[in-house]
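Undergrad: One structure is given below, represented as structure tokens, and several questions about it will come after.
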Amino acid sequence: MNILIENWQKTLSDIAEAEKAAGRAQGSTRLLAVSKTFPAEDIAALYQAGQKAFGENRVQELESKTAVLDPGIEWHLIGHLQSNKCAKAVKNAHWIHSADSVKLIDTLEKAASLQEKKLNILLELHLSGEESKEGIRDEAALLACGERLMQSAHLNWKGFMTMAAFGADEYTLRKTFSALREKRDEMEKRFGLALPELSMGMSGDYPYAIMEGATMVRVGTAIFGRR
Ligand SMILES: *Cc1c(COP(=O)(O)O)cnc(C)c1O
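Using our numbering, count along the sequence shown one by one with no gaps and you end on 227.
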């Protein structure tokens with residue numbers, strides 16, 4: 001069998017195992033196949049095999065892939081987004097995982113309104129303490145972003161995303177993932193809104209993310225191989 005399909009099936013069965021170990025319902029975690037840097041043919045092959053949702057981290061690359069691939073694919077933009085790329089992001093993505101400022105939310109809302117599109121949005125939180133990572137760092141900024149999303153008619157606020165420190169130990173990883181879940185619980189109460197989605201976990205740490213309640217794991221390397 002094709003190595004790509006084999007890796008994908010192994011990832012799905014590892015996810016099912018982690019759900020079982022965590023006492024969670026089978027199928028409660030969705031797999032996003034992170035296809036950045038890999039060719040459209042790989043995405044087409046996985047889509048044919050049954051993988052519906054793909055993640056890209058650059059708007060330009062997302063755009064070039066949506067142009068040639070099946071319109072049935074569900075696209076998730078997971079990388080840092082700049083305001084000047086929002087129109088293209090809105091045009092090509094169904095989900096944006098990396099909203100992290102009021103300015104960006106405003107720009108996304110305007111673009112979505114102009115294009116008469118509705119978009120699913122996650123707020124990215126910076127919880128790992130790693131300097132290089134993007135995301136919202138303080139409570140005041142988080143509340144301001146939440147309030148702005150509540151007023152944005154074309155943006156469906158669905159939950160939160162985070163990235164854990166690369167190569168950290170189990171304790172540290174789980175602390176980051178549980179912090180995202182706890183912040184979500186707090187914001188659901190604060191805004192009186194269901195925020196069910198937790199996008200957390202990558203190739204190196206997704207079983208721990210599932211134990212802490214991830215509803216979407218973003219897996220690249222374990223499926224496509226090294227970039
Ligand atoms: C690349 C990327 C991933 C996937 O990382 P792997 O370690 O290859 O699984 C997940 N999330 C984001 C935001 C990424 O940029």
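Where a beta carbon is used, it is the ideal one built from N, C-alpha and C, also for glycine. Nothing here was measured: the structure is a model prediction, and the numbers come from that model.
Let me check you understand the geometry: is the CB of R184 closer than 7 Å to at least one non-hydrogen atom of ligand 1?
TA: The sequence position of residue 184 within the sequence shown is 184, counting from 1. No, Cβ of R184 sits at least 7 Å from all heavy atoms of ligand 1.
Undergrad: Is it buried or exposed for L103, if we count other Cβ within 10 angstroms and need 16 for buried?
TA: Here residue 103 refers to the residue found at position 103 when the sequence shown is read from its first residue. The sequence shown places Lys at residue 103, not Leu. The residue is exposed, with fewer than 16 neighbouring Cβ atoms inside 10 Å.
Undergrad: Taking the alpha helix (DSSP H) that R24 belongs to, which residues open and close that run?
TA: Looking up residue 24 in the sequence shown gives position 24. It is not in any alpha helix (DSSP H) - R24 carries neither H nor E in the DSSP assignment.
Undergrad: Just to check, is the beta-carbon of A222 closer than 7 Å to a non-hydrogen atom of ligand 1?
TA: Locating residue 222 in the sequence shown gives position 222, where the first residue counts as 1. A222: yes, Cβ under 7 Å from ligand 1.
Undergrad: Do you know how far the Cα of I78 is from the Cα of N57?
TA: As a working mapping, residue 57 is identified with position 57 in the sequence shown. As a working mapping, residue 78 is identified with position 78 in the sequence shown. So the alpha carbons of these two residues sit roughly 5 Å apart.
Undergrad: Look at the Cβ atom of I96, then the Cβ atom of S152, and state whether they are nearer than 8 Å.
TA: The residue you call residue 96 lines up with position 96 of the sequence shown. The residue you call residue 152 lines up with position 152 of the sequence shown. For I96 and S152, no; Cβs fall outside 8 Å.
Undergrad: Is it buried or exposed, D232, if we count other Cβ atoms within 10 angstroms and call 16 or more buried?
TA: Here the chain covers residues 1 to 227 and nothing more, so residue 232 does not appear.
Undergrad: What does the Cβ neighbour count give for Q51, buried or exposed, with the cut at 16 atoms within 10 Å?
TA: As a position in the sequence shown, residue 51 is number 51, starting the count at 1. So Q51 ends up on the buried side.
Undergrad: Please determine whether the Cβ atom of V219 lies at a distance below 7 Å from any heavy atom of ligand 1.
TA: Here residue 219 refers to the residue found at position 219 when the sequence shown is read from its first residue. Under cutoff, so the answer is yes.
Undergrad: Short of 7 Å in beta carbon distance, which residues of its chain neighbour Y47, apart from the five on each side in sequence? Order them along the chain.
TA: Taking the sequence shown and counting its residues from 1, the one referred to as residue 47 is at position 47. Within the same chain, Y47 has close Cβ partners D70 and I73.
Undergrad: Only counting runs of 4 or more residues, tell me where the alpha helix (DSSP H) segments fall wholly within the segment 29-113, in order along the chain.
TA: Runs found: 40-49, 59-66 and 86-92.
Undergrad: Identify, in the order they occur along the chain, each residue of the same chain with its Cβ nearer than 8 Å to the Cβ of A25, setting aside the five sequence neighbours on each side.
TA: For the purposes of this step, residue 25 is identified with residue 25 of the sequence shown, where counting begins at 1. For A25, where only same-chain residues beyond five positions count, the Cβ hits under 8 Å are E19.
Undergrad: Considering only the beta carbon of each residue, do A49 and W75 sit closer than 8 Å?
TA: Translated into positions along the sequence shown, residue 49 becomes position 49. Translated into positions along the sequence shown, residue 75 becomes position 75. Their beta carbons are not under 8 Å apart, which means A49 does not touch W75 by this criterion.
Undergrad: Rounded to whole angstroms, what's the CA-CA distance from A112 to L81? Just pull it up for me.
TA: The sequence position of residue 112 within the sequence shown is 112, counting from 1. The sequence position of residue 81 within the sequence shown is 81, counting from 1. If I take the Cα positions, the gap works out to 15 Å.
Undergrad: Please give me, in chain order, every unbroken run of the alpha helix (DSSP H) with length at least 4 that falls completely inside the segment 129-164.
TA: 139-150
Undergrad: For ligand 1, any of its heavy atoms closer than 7 Å to the Cβ of N57?
TA: To locate residue 57, count along the sequence shown from 1; it is residue 57. It does: the Cβ of N57 is within 7 Å (strictly closer) of some heavy atom of ligand 1.
Undergrad: I'd like the span of the alpha helix (DSSP H) that includes S203, first residue to last.
TA: On the sequence shown, position 203 is the one that residue 203 refers to. Counting along the chain, S203 sits inside no alpha helix (DSSP H), nor does DSSP assign it H or E at all.
Undergrad: Is L195 helix, strand or coil by DSSP?
TA: Sequence index remark: in the sequence shown, residue 195 carries index 195 (1-based). Here L195 sits in coil by DSSP.
Undergrad: If distances are taken between C-alpha atoms only, which option among S28, M161 and H154 comes closest to E134?
TA: Here the question's residue 134 lines up with position 134 in the sequence shown. Ranked by how close their Cα comes to the Cα of E134, the residues S28, M161 and H154 have M161 in first place.
Undergrad: Hey, would you say the C-beta of M216 is under 7 Å away from at least one heavy atom of ligand 1?
TA: As a position in the sequence shown, residue 216 is number 216, starting the count at 1. No; taking the cut-off as 7 Å, the Cβ of M216 has no heavy atom of ligand 1 nearer than that.
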